[in-house]
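Below is one structure, written out as structure tokens; the observations come after it.
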Amino acid sequence: MSKSIKDDVLLRLKTIKGHIAGIEKMVEEDKGCSNILLQIAAVRASLEKVGLSIINEHAEQCFLSNEDGKITYEELQSVVDLLVKFLK
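Okay, here's the thing in structure tokens:
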């Protein structure tokens, strides 16, 4: 993983971690269910962005690492498998 992607992923994860702590506090303080669910949806969306960023980085590493520019079936299948697992 490139340093810039790694830094971005770590920053996003730290933000998500703080957001989850905020949701936990909302539950402890008996905030409204709709507000809590809205915040959970925001965290899910953030996690999806992080996951897609990681998948994109993996795909680039697989596809651009070949000097001849050709993609093997195994490399393609690796990316497809990750997408399938992530989207379940």
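So for the sequence shown, my numbering puts the first residue at 192; every next one is plus one.
Idealized CB from N, CA, C, for every residue including glycine.
On a predicted model such as this, the values are computed, not experimentally measured, just so you know.
Nearest to residue i (by Cα), restricted to the options the options
i           : options          : result
residue 271 : 260, 252 and 246 : 246
residue 277 : 222, 227 and 241 : 241
residue 234 : 273, 203 and 198 : 203
Delimiting residues of the alpha helix (DSSP H) encompassing residue i
i           : result
residue 247 : 224 to 255
residue 199 : 194 to 219
As assigned by DSSP and simplified to three states, the class of residue i
i           : result
residue 260 : coil
residue 276 : helix
Rounded separation between residue i and residue j - CA only
i           : j           : result
residue 257 : residue 209 : 39 Å
residue 230 : residue 217 : 10 Å
Beta-carbon spacing of residue i, residue j below 7 Å
i           : j           : result
residue 266 : residue 196 : no
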